[in-house]
Each structure stands twice: as C-alpha cells, then as structure tokens.
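A.B. asks: Per this note's numbering, the sequence shown starts with residue 12, numbered consecutively. All C-beta atoms in this analysis are idealised placements derived from N, C-alpha and C, irrespective of residue type, glycine included. None of the values given here were measured: they were computed from a predicted structure.
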Amino acid sequence: MKKIEINEKNAKGKGGECDEVKRQLQAAQDTITKLLDVNRKLMKNVEEGSLSSVGKGEAESDGSGSVSRSRVSEQARRESEKIGQLHLEVQRLQFLLLKLGDGKESKEITKVADRNPRVLLRDYLYGGTKAYKKKKRLPFCACMRPSTRGD
Numbered sequence: 012m013k014k015i016e017i018n019e020k021n022a023k024g025k026g027g028e029c030d031e032v033k034r035q036l037q038a039a040q041d042t043i044t045k046l047l048d049v050n051r052k053l054m055k056n057v058e059e060g061s062l063s064s065v066g067k068g069e070a071e072s073d074g075s076g077s078v079s080r081s082r083v084s085e086q087a088r089r090e091s092e093k094i095g096q097l098h099l100e101v102q103r104l105q106f107l108l109l110k111l112g113d114g115k116e117s118k119e120i121t122k123v124a125d126r127n128p129r130v131l132l133r134d135y136l137y138g139g140t141k142a143y144k145k146k147k148r149l150p151f152c153a154c155m156r157p158s159t160r161g162d
C-alpha cells in the first residue's frame with residue numbers, strides 16, 4: 012500500500028512538472044507569434060515609408076525619413092533579438108519535456124525488472140527460461156536441394 016501511494020505521489024509530481032513545462036512552452040510560443048506580428052508590421056512600415064519617400068522631394072526625405080527609418084530598424088532589431096531568445100527558451104523547454112518523458116519510461120522499465128528478480132537471475136544463470144528455448148535448426152543436408160520455382 013505504501014509503495015503504491017508513493018508511486019502515485021511521484022506520478023502526480025511529475026505530471027505537475029510536465030504541465031508547468033507545457034504551460035511555459037505555450038506561453039513562449041504565443042509570445043513568439045506576437046513578436047513576429049510586430050516585426051511584420053514594422054517591415055510594412057519601413058516599406059511604405061521608402062515608397063512614400065520616393066514620391067517626395069529629396070530635401071524633405073533626408074531629414075525626417077532617415078530618423079524614422081533608423082528608429083524603426085532599431086526597434087525591428089530589438090524585436091528580432093527577443094524572438095531569438097524566445098526560440099532558445101522554447102528549445103530548452105522542449106528538451107526538458109523530452110527529458111521528463113524519457114525518465115518516466117526508464118523508471119517503468121526498471122519497475123518491471125525489479126518485480127521478479129528470481130526470473131532474471133535464472134535467465135542469467137541458465138541462459139533463458141526453459142519454456143521459451145528456441146528450436147535448433149537442423150543442419151542442411153548436402154544431398155537435398157531446395158526446389159526451384161523455374162523448373
């Protein structure tokens with residue numbers, strides 16, 4: 012009874028960790044989506060600004076156009092850095108989630124192995140169980156030849 016309760020507590024704890032990691036992963040992906048949208052809007056603003064500056068005179072576009080373009084490009088650069096950092100965070104969370112999943116499977120395998128140590132010792136000492144021994148192949152006789160389909 013105590014072992015079962017401990018196993019249930021461990022399972023709930025790991026389930027909570029997995030849920031927390033999944034929530035963090037989802038939040039990071041949502042943030043990446045928002046930042047990509049902002050970056051896309053900034054790119055459209057830059058393109059529209061360059062198109063509108065072509066229509067204006069050169070004297071007007073030099074002053075205010077270059078300042079706004081540099082401001083927008085700086086903001087786009089910062090947003091791109093944030094996106095890169097979030098991509099790294101997502102990769103870290105995915106690795107953590109994968110690691111939690113692998114640990115769970117390996118512990119289940121060891122639990123199965125720990126249940127019946129006598130069988131494993133017998134298999135080790137005698138080379139397997141008596142019920143599941145493979146039948147030995149009979150040696151191929153040189154006087155018999157397998158039938159061919161073409162003949």
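Contact between the region 30-44 and the region 74-89: three or more CB pairs below 8 Å?
C.D. replies: With a cut-off of 8 Å, the region 74-89 and the region 30-44 do not count as touching, because too few Cβ pairs lie within range.
A.B. asks: Are residue 46 and residue 93 closer than 8 Å when you measure CB to CB?
C.D. replies: Yes.
A.B. asks: Do residue 50 and residue 90 have their beta-carbon atoms positioned less than 8 Å apart in this structure?
C.D. replies: Cβ distance < 8 Å, so residue 90 and residue 50 count as in contact.
A.B. asks: For residue 84, tell me which candidate among 107, 54, 31, 29 has the shortest Cα-Cα distance.
C.D. replies: It is 54 whose Cα lies nearest to the Cα of residue 84.
A.B. asks: Could you check the C-alpha separation between residue 88 and residue 44 for me, to the nearest Å?
C.D. replies: If I take the Cα positions, the gap works out to 16 Å.
A.B. asks: Apply the 10 Å Cβ neighbour rule to residue 97 and answer buried if 16 or more other Cβ atoms are within range, or exposed otherwise.
C.D. replies: Result: buried.
A.B. asks: Output the distance between the C-alpha atoms of residue 33 and residue 56, rounded to the nearest integer angstrom.
C.D. replies: Their Cα atoms are separated by approximately 35 Å.
A.B. asks: I'd like to know whether the C-beta atoms of residue 29 and residue 136 end up nearer to each other than 8 Å.
C.D. replies: No, Cβ-Cβ distance for residue 29 and residue 136 is not below 8 Å.
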